[in-house]
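Remarks on the structure that follows.
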Amino acid sequence: MEGGLLRRFYFELLGIRELVWVARQIINTRPTHIWFHQIGNRFPKILVPACRILGISTLTTLHDFGTLLGRKLYPSDFRWYDKDVSDHIKRIYLEQPRIIQGCKPQDLLLRMRKQVVKIYLNTSSSLICISKLQEVILSESGINVATVIPNGIDRCKCDLIPSLSKSRFDILFAGRPNAKGLELLAQAVSEDENSHLHLAGSDRLVEIVGQYLDSNQYTFHGTLNSMEINELIHKVELVSVISQCFDVYPTITLEAIAHGCPVLTTPLTGNSDLAKAISPELVIDFSTKPNLSRIKIIVKESPTVYPSIYTVSDTWKRYEEILIQIS
Ligand SMILES: [Zn+2]
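Numbering (the working numbering), first residue to last: 24 to 350.
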C-alpha cells in the first residue's frame, strides 16, 4: 500500500520521464495552449502550474473525480444522504472535507496528495467537467470548475436491424456489474414473465443473475465489441444503467440514445437528464427494484426520436468558445 501510494505520488506529481517528454514537445512546438485530459491518470499534474509559469494557457478536462475522491462514491459515503443528491453533497462538504471509502484520513501522504492535486487542478486556466453532478461533487470539495460540457451524441446511421421478438420485452445490461443495480434488475425480470435480460460482459454477470433467473430468462452474449453492442441495442427495448454509486457519465447511456433506445437510470448518473428527456419515470430510485410493468408502458409510449439531443458538434463549439476565452 505504502509503496503503491509513493509510486502513484511520484507518477502523478513528478514523473520525470513524462516531464522531459513534454518539455521537448513544448520546445519544439511552442504551443500557446495545452489541453490536459484526465491528468490524474498518467500525466504528472505538476505540468499544469509549470505551463502557467511559462505563459501557456491550460485547458483541463476531467471526466472522473481526479483521484481526489474514491473511484466509486456511494450515497452511503455521505453521512447525511437523502434523495436530494446535490443538496446532500453540498451539506457534507461544507462540514468538513472528508476522504472517503478506500482512503485513510490519518494517512499524511494521502492528505498531502489530495491538497497538492487540488492546487494543481485549481491552477488550470479552465477546468471543465462533463456533468452537473460531477461539478457539484468537485466544487464542494474545493475544486474550481469553470463549466460543464457534456459529451455530444450524434444519431446513428445503422441500417435497420430487426427486433429480437415483438412479443417480448428485451432489456440490455452491458459492462461491469459492480454497483450497477444488476441484482435489482434480475429480481424484477424474474417477476415479469414477459421480460428477457441480455447480458454483455464477463462471466460474473451470469453468476449474479443465475441467483434470480432461469436460463431461459436471460441471454449471455459474453464480451462484445462496440459494433456488436450497438447492434444489440437496436434489438432491445430498453438499456439498463441503474447505477447505485455516483457514475460521472456512463458511455452506455450515450450509445443507447445514439441508437434510439430508451435508458433506465438513476439520479446518481451524471447524464440521467438524457433518460429524463423521454420520461422522468425512467430515472428511478437506485435502491428499489424497477417496476417493469410500468416501465414497459412508458417505453411503449415513448417517442421514437429522442428530443433535444446535444450533438458532438455542439460539444466542440463549447470547447472552441472556452479556448477563445482563455487565449
Ligand atoms: Zn444504430
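Cβ atoms here follow ideal geometry from the backbone N, Cα and C, with glycine treated the same way.
These numbers were taken from a predicted model, which means no experiment stands behind them.
Each of SER266, GLN267 and GLU278 was checked against the Cα of VAL259, and the nearest Cα belongs to GLU278. Taking TYR143 as reference, the option from GLU206, LEU85, ALA202 and CYS268 with the minimal CA-CA separation is LEU85. Taken in chain order, the complete beta strand (DSSP E) segments of 3 or more residues contained in the stretch 233-265 are 241-243 and 261-264. Within the stretch 165-222, complete alpha helix (DSSP H) segments of at least 4 residues are found at 205-213, given in chain order. An exposed status is given to GLY245, since fewer than 16 other beta-carbon atoms sit within 10 Å of its beta-carbon.
With fewer than three CB-CB distances shorter than 8 Å, the stretch 194-203 does not count as touching the stretch 295-305. For ASN294, the number of other beta carbons within 10 angstroms of its own is at least 16, and it is reported as buried. When the beta-carbon positions are compared, SER154 and VAL171 come within less than 8 Å of each other. A distance below 6 Å between beta-carbons, with the five flanking residues on each side excluded, links TYR342 to no residue of its chain.
Residue environment analysis places VAL159 among the buried positions, since at least 16 neighbouring C-beta atoms fall within 10 angstroms of its C-beta. In terms of Cβ geometry, HIS56 and ILE79 form a close pair [threshold 8 Å].
In the DSSP annotation of this structure, THR83 is not part of any alpha helix (DSSP H); the continuous beta strand (DSSP E) holding it starts and ends at 80-85.
Here DSSP, grouped into helix, strand and coil, assigns ILE301 to coil.
Exclusion of the five residues before and after GLN240 leaves VAL212, SER213, HIS219 and LEU220 as the residues of its chain whose Cβ lies within less than 7 Å of its Cβ. Around the CB of VAL335, fewer than 16 other CB atoms lie within 10 Å, so the residue is classed as exposed. In the DSSP assignment, CYS268 falls outside any alpha helix (DSSP H) and carries neither an H nor an E.
Proximity to ASP337 across VAL168, SER263, ASP177 and VAL139 peaks at ASP177, based on C-alpha coordinates. According to the DSSP secondary-structure assignment, ILE347 is paired through a beta bridge with no residue. Bounds of any alpha helix (DSSP H) do not take in THR288; it lies within the beta strand (DSSP E) bounded by 286-288. Ranked by how close their Cα comes to the Cα of VAL229, the residues LEU208, GLU216, ASN248 and GLY283 have LEU208 in first place. Cβ-Cβ distances below 6 Å link ILE349 to SER80, SER148 and SER149 in the same chain, with the five nearest sequence neighbours on each side left out; the list follows chain order.
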